[in-house]
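Asker:
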Amino acid sequence: MAITSSRGVILIHSAPRALCPHLEWAVGRALGRAVNFDWTEQPVLTGSRRAEFYWEGPVGSGATLASAIRGWEHLRFEVSEDPTPRSDGARWMHTPGLGIHFAQTDSAGNVVIAEDRVRYAMEVAAGDPFELQRELDVALGSAWDEELEPFRHAGDDQQIVWLHKVG
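For the sequence shown, our numbering assigns the number 434 to the last residue and increments by one with no breaks.
1) Measure the C-alpha to C-alpha separation of residue 406 and residue 336 and round it to an integer number of angstroms.
2) I'd like to know whether the C-beta atoms of residue 280 and residue 353 end up nearer to each other than 8 Å.
3) In chain order, what residues of the same chain lie with their CB nearer than 7 Å to the CB of residue 291, ignoring the 5 residues before and after it?
4) So which of 313, 317, 334 has the shortest CA-CA distance to residue 368?
5) Which whole-angstrom value describes the C-beta separation of residue 421 and residue 350, a residue pair presumed to lie in contact below a C-beta threshold of 8 Å?
6) When you compare each of 419, 379, 278, 417 to residue 347 by their alpha carbons, which one comes out closest?
The following block contains the structure:
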């Protein structure tokens, strides 16, 4: 049976300068090859750096990568894995204060909330619309998105690199 390949991106939103080589080593170990990130200053948090790294590997590499780099203090990151014909997409977000959040994603990158998670949210809310909204915000990772958003925008002036072209 052939191993299905996937691809995705690692967004290091903020990392202390001293941690940068350790992150490259951890990602390289997870992918089974040496990697180098193109680090730039993170203007939102003085003394920190940011990087984007596009990866390819077997399906499930996103989970391996997120596990390899989580656990360091003062690190904000996202790892995404694109869906394949045989697997769902996924996104992992991490902040120092919130820890890690995992979400399944569809082909457009939208977070998908599983039926059982929606049922659980409705059960916990017990008819309270504010509690239902809170539970769905947790399932969507809204707190992680809110904390990471300023760090995401810090790279808006970066040059866009197209990895592939449709058509």
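In this text, a Cβ means the ideal position worked out from N, Cα and C, and glycines have one as well.
Answerer: According to the structure shown:
1) Within the sequence shown, the letter at position 139 stands for residue 406. Within the sequence shown, the letter at position 69 stands for residue 336. Taking the straight line joining both Cα atoms gives about 22 Å.
2) Translated into positions along the sequence shown, residue 280 becomes position 13. Translated into positions along the sequence shown, residue 353 becomes position 86. No. Outside cutoff.
3) For the purposes of this step, residue 291 is taken as residue 24 along the sequence shown, with counting starting at 1. Excluding sequence neighbours, residue 291 sits near 302, 303, 304.
4) By one-based count along the sequence shown, residue 368 stands at place 101. Measuring from the Cα of residue 368, the nearest candidate turns out to be 334.
5) Sequence index remark: in the sequence shown, residue 421 carries index 154 (1-based). Sequence index remark: in the sequence shown, residue 350 carries index 83 (1-based). Contact doesn't hold; Cβ gap of about 28 Å is too wide.
6) Indexing the sequence shown from 1 puts residue 347 at position 80. For the residues 419, 379, 278, 417, the minimum Cα distance to residue 347 belongs to 278.
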